Amino acid sequence: MTENLVLYTVTERIATITINRPEKRNALNPELVSLLTEAFIRASEDDDAKVVILNANGPAFSAGADLAYLQQLQYNTFEENLADSENLKRLFTTIYYLPKIVIAQVEGHAIAGGCGLATVCDIIFSVPEASFGYTEVKLGFVPAIVSCFLMRKTSETIAKKLLLSGELFPAEKALEYGLITYVTNKADIHLKTKEFALNLCTETSANSLMVTKQLIGLTTNPGLEKSLSMAVQINARVRDSEDFKKGISAFLSKEKLRW
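Numbering (this note's numbering), first residue to last: 130 to 388.
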């Protein structure tokens, strides 16, 4: 396992988890998903950390699925796709249920799974230059797992617009849709994110933060686990469809596909 795909540090009671795959635009693959999950579990158990910041090295926050990983998905069995979907679900639910506040510091594009990763964080700071998008439908895929979280952050109308079109949208639109919390200039985002985290560390009770986060999750997402179980099954089934295989093949060969 390549440990430096994810970096972990703690300073001033802030645990910083950094995606460190800049040469691949921080694209997700099973190894990176597992390492991120482990890092968040580590943060949850770290007595020196009260708040968690998730950021990324390089120009992109995360470009979604890794190309080699996408290629492999075409040949996976249903059981392998089911296990892989469970792996992503575990990462997202680890962040969502983490007993500590998770702040995303988005300094580049967050696309598909990368957009989902930002979506499940509690507070999201973004630079204005970042683009967001749930682009799965353009590949014959389904944004199944993230839809369970997105539907609780915004309206059904906006969720349908974003998930069905697969369009990219700027940070200002993400703010308008209620998907992110702040748009901050690149020169200031590190400082602003740290200031917000430090304020939580010094001005609020850790137990109150944990219980309030749990309360919000329980009252807004009472059926989340049932929805996620269904989403995992849908995720695995769709990967066996002809549209998915056709879409991935066209994407990998950089062909324009006319659906």
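Even for Gly, the Cβ is constructed at its ideal location relative to N, Cα and C.
None of the values given here were measured: they were computed from a predicted structure.
Where E236 falls, given that 16 or more other Cβ within 10 Å makes a residue buried: buried
Limits of the beta strand (DSSP E) - the one that A144 falls within: I143 to I148
Selection from T348, A233 and P188 that minimises the alpha carbon distance to I146: A233
Alpha-carbon spacing of Y306 relative to N133, whole angstroms: 34 Å
Inter-residue Cα distance where the pair is Q362 and T331: 43 Å
Continuous alpha helix (DSSP H) stretch holding G346: start and end: A335 to T349
Touching by the beta-carbon criterion (3+ pairs, under 8 Å), the segment 260 to 274 and the segment 310 to 319: Segments in contact, no.
Delimiting residues of the beta strand (DSSP E) encompassing Q234: I230 to V235
Among L246, V139 and D175, the one whose alpha carbon lies nearest that of L220: L246
Segment contact, 8 Å Cβ cut-off, at least three pairs: the segment 187 to 204 with the segment 340 to 357: no
Integer-rounded CB distance, given that F254 should sit under 8 Å from T341: T341 to F254, Cβ: 20 Å. No contact.
contact_flag[the segment 138 to 157, the segment 165 to 181] where n(CB pairs < 8 Å) is 3 or more: By the criterion of at least three beta-carbon pairs nearer than 8 Å, the segment 138 to 157 is in contact with the segment 165 to 181.
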